[in-house]
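Shown next, in structure tokens, is the structure this report addresses.
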Amino acid sequence: MRRRDFIKVIVGSVAAWPLAAHAQRPVIGFLRSTSLDSSPHLVTAFRQGLNEVGYVEGQNVVIEYRGADGQLDQLPTLVADLIHLQAVVIIANLTAAFAAKAATKTIPIVFTTGSDPVKDGLVVNINRPGGNVTGVVFFNDELGTKRLELLRKLVPKAETIGVLVNPANPGTRAEQHDVEEAAHAIGQQLMVFNASSDPDIETAFATLAQRGAGALLVGSGSFLFSKREQIVALAARHSLPASYPQRDYVAAGGLMSYGASIADAYRQAGIYVGRILNGEKPGELPVVQSTKFEFTINLKTAKTLGLEISPQLLATAEEVLE
């Protein structure tokens, strides 16, 4: 659905431009399967990337924002709307990119994803994607074992650790498999919970509390990311130490995170969109891997949970929030 309130906040006066203005500037479609309200920092990062290659929203380019609010059946309609507006390129998260790819073979699509785009079927080759699709990979689902390792260092006495994943996320199966193998190798008990809705998340936390889980590992993916404030609040309510895939969870009050910077991935996607606007073909632009990783600890949350963090572990963190 179209979020006009979001556009007013993010775009300001751009939302009031007459439609005729679109004819004077190339139109970029910014498409997400989740709520736009959860991603203003990604918009900012995307704009930064555009600016680095000479494109400024409101001056020489128009950005049309669309978010499905988790209603994936709405994505084809949103893509059709962007096509109707003559978008010359579409930037999309993974699920939205599939919908865009199904709708057009000509409009360039730049995706951001935390899983393998070749295995997922978005592109045929990393170095030479072919067709009208390319993008940025941040491989968050491959970092689950590292997050488990760090969580065990923070909560070494946790006999059982819960794992919250979204089964609809393409990278979940591989991420869950790696975490389960790592846990089995060290004798760590896990409880895995699938969550693809708000009630699923509530039920998972209630069950974790009932069964006495000592900690929680939250999986990657846009759905869980969009629900980060709810997840962090529930972890606090149940006094459950939790490890997350992005810094944004920690900024919202979560205990710790380790993962790729999604904001940096969107900045790089903005650069790619600008290069495509300058005439480069998406099929000839290699899928780029984001190499910025962040280990963040929230000391205030640790104190609230009664956890003592060793100086050695603190020294390895890129950022410590107090």
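Quick note: to get this note's numbering, add 1368 to the position in the sequence shown (first position is 1).
For every residue, glycine included, the Cβ atom is placed at its ideal position computed from N, Cα and C.
Residue environment analysis places residue 1432 among the buried positions, since at least 16 neighbouring C-beta atoms fall within 10 angstroms of its C-beta.
Per the coordinates, the alpha-carbon of residue 1610 lies some 10 Å from the alpha-carbon of residue 1520. In this structure, residue 1629 lies away from residue 1618, with their beta-carbon atoms at least 8 Å apart. Between residue 1466 and residue 1633, the C-beta gap is not smaller than 8 Å, which leaves the two residues out of contact. Around the beta carbon of residue 1616, a 10 Å sphere encloses 16 or more other beta carbons of the protein chains shown; the residue is thus reported as buried.
Contact check between the region 1526-1541 and the region 1553-1568: three or more CB pairs, one atom from each, fall below 8 Å, which counts as touching. According to the DSSP secondary-structure assignment, residue 1434 is paired through a beta bridge with 1399. Segment contact: the region 1489-1500 against the region 1675-1687, fewer than three CB-CB distances shorter than 8 Å; contact not assigned. Proximity to residue 1434 across 1669, 1406, 1424, 1421 peaks at 1406, based on C-alpha coordinates. The beta carbons of residue 1666 and residue 1689 sit about 5 Å from each other, so the pair counts as a contact at 8 Å. A straight-line Cα-Cα distance of about 14 Å links residue 1574 and residue 1600. Note on the region 1574-1616: whole beta strand (DSSP E) runs with a minimum of 3 residues are 1583-1586, 1610-1612, in chain order. Shortest Cα-Cα distance from residue 1480 to any of 1649, 1671, 1639 involves 1639. Taking a cut-off of 8 Å for Cβ pairs, the region 1413-1427 and the region 1443-1450 do not touch, as fewer than three such pairs fall below it.
Residue 1456 sits close to residue 1394, with the two beta carbons spaced by under 8 Å.
Listed in chain order, the non-local C-beta contacts of residue 1608 below 6 Å within the same chain comprise 1584, local neighbours out to five positions each way being set aside. Linking residue 1474 to residue 1548 through their CA atoms gives a straight-line distance of about 41 Å.
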